[in-house]
Structure formats: C-alpha cells, structure tokens
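Anchor point for the sequence shown: position 21 equals 116 in this note's numbering, and the numbering is continuous, going up by one each time. Glycine included, each C-beta is placed from N, C-alpha and C at the ideal position. Below you'll find the structure, written out as structure tokens, and then a few comments.
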Amino acid sequence: MINIVLFGKPGAGKGTQAEFLKEKYNLTHLSTGDIFRYNIKNETELGQLAKTYMDKGDLVPDAVTIQMLQSEVGKNPDSAGFLFDGFPRTIAQAEALDAFLASKGESIRATVALEADDEILVARLLERGKTSGRPDDQDEEKIRNRYQEYNEKTAPLMAYYQAQGKFYAVDGIGSIAEVTARLSAVLDTF
Numbered sequence: 096m097i098n099i100v101l102f103g104k105p106g107a108g109k110g111t112q113a114e115f116l117k118e119k120y121n122l123t124h125l126s127t128g129d130i131f132r133y134n135i136k137n138e139t140e141l142g143q144l145a146k147t148y149m150d151k152g153d154l155v156p157d158a159v160t161i162q163m164l165q166s167e168v169g170k171n172p173d174s175a176g177f178l179f180d181g182f183p184r185t186i187a188q189a190e191a192l193d194a195f196l197a198s199k200g201e202s203i204r205a206t207v208a209l210e211a212d213d214e215i216l217v218a219r220l221l222e223r224g225k226t227s228g229r230p231d232d233q234d235e236e237k238i239r240n241r242y243q244e245y246n247e248k249t250a251p252l253m254a255y256y257q258a259q260g261k262f263y264a265v266d267g268i269g270s271i272a273e274v275t276a277r278l279s280a281v282l283d284t285f
C-alpha cells in the first residue's frame, strides 16, 4: 500500500495534481476539506460535532478530524493506498496519523511538497479569483496571510518527515504535465 501526504501552498496545484496521482497510482484521495463538508452536509455524528466547534469560530479538535479520516479509510478497504491532502497540518496530527496507520500495519511512504515562489502563486490565485468567485482568492493580503500560516504550521511537519527520510520537494512551477512528471519521478521509486 502506498500512502502519500501532499503538501503545497494555496495555488500550488495540489488539487490538480491529486487528480492525476489518484488515477495513475490507484489511490484514494482524502481531502480533509471535502471530508468536513461531506460530514457536515450529511449531518453525521462527527459532522454535527465538528460544526459545534466551527460555529463558535474554534478549530475542530484533532481527535474529531482523525475520527473522520479513520472513517474514510474504513470505507475504502480495497484501496491501493491513500493520498492525504490537507492533513496532517500539525505534528500532533502527523503522530496520530502514523499511529492509526501503524495499527493497520501501514505507514506513510512519502510526503511530497509542491514548491513555488510566493509571487508566482499570488498572481496565480488572484487570476483564479477572477473566475472562482472565492473571496479569499481575490484579496492579496488574505492570500499572503494564508501563506504565512502555511509556513508557520508546515515547516515543523517538513522537518518531522525529513527526520524519517520521507520528505520530497518537487518544483510546482511549469505545465501540469511537467509537474506531474516530476511527481511521478519521485513516486515511481516506491
């Protein structure tokens, strides 16, 4: 089983690349954003619990997020592996994910970061904001704040996975096909 964590700042192309990777390697794509939306929309027990925190403006506790992910993994027992997108975001989450996978005799094989210059990504998101309608893609200050938060939270995770020999950086600038080829060059070694 191949379990991969995909990192990247907003606009780096994670969603686009995740689509290619899940097809090429027969992976189940687990996006925490999608999982939260599904659970809240369908008013699952975990979704209702998460919503109580979100309605107060609080972050959903790691334990609730982990339970949602465990449920999604459980729904896909025949998967060749999982592509984790948007999770983990903290060392505590990474440790919880490692413990959960270890309980199933599995582990994270690789973490791959799509790296790109902030100025290129800001321009990309502002352009996307013209058509997406997403307000967070239309305000340069909000975009830069998201990058600051990413840098603060993700840097320790990169070190965590580097210490395990599982961290790979991939240039995220270029055509979709070029970036896919770079990611494949890393993943084909597993």
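Considering only S227, E235 and D231, the residue with the shortest C-alpha distance to E214 is E235. Residue burial annotation: L216 is buried, with at least 16 other C-beta atoms found within 10 angstroms of its C-beta. By a beta-carbon distance limit of 8 Å, M96 does not contact G169. Their separation comes to about 14 Å. Separation of the CB atoms of E167 and I130 is rounded to 6 Å, and the pair is thereby assigned contact status at 8 Å. The segment 172 to 192 and the segment 248 to 256 touch, with no fewer than 3 CB-CB distances between them shorter than 8 Å. Here the segment 118 to 136 does not lie against the segment 225 to 239, with fewer than 3 beta-carbon pairs under 8 Å apart. Distance from the CA of L101 to the CA of P230, rounded to the nearest whole angstrom, comes to 24 Å. Per DSSP, reduced to three states, the secondary structure at D266 is strand. Residue environment: K117 is assigned as buried (16 or more neighbouring CB atoms within 10 Å of its CB, all protein chains considered). The Cβ neighbour count for P172, taken over all protein chains shown within 10 Å, is under 16; the residue is labelled exposed.
Between the alpha carbons of L209 and T284 lies a distance of about 18 Å. In the three-state DSSP reduction, D180 falls in the strand class (E or B). N98 and A218 have their alpha carbons spaced roughly 32 Å apart. Within the same chain, A191 come within 6 Å of I161 by CB-CB distance, once the 5 residues on both sides are set aside. The Cβ-Cβ distance between L164 and L125 falls below 8 Å.
Put simply, the backbone Cα of M253 is about 21 Å away from that of T275.
In the DSSP assignment, the residues bridged to L101 are D180 and V207. Non-local beta-carbon contacts of I271 in its own chain, meaning distances under 7 Å to residues more than five positions away in sequence, involve T111 in chain order.
With a 10 Å radius around the Cβ and a threshold of 16 neighbouring Cβ atoms, A189 comes out buried.
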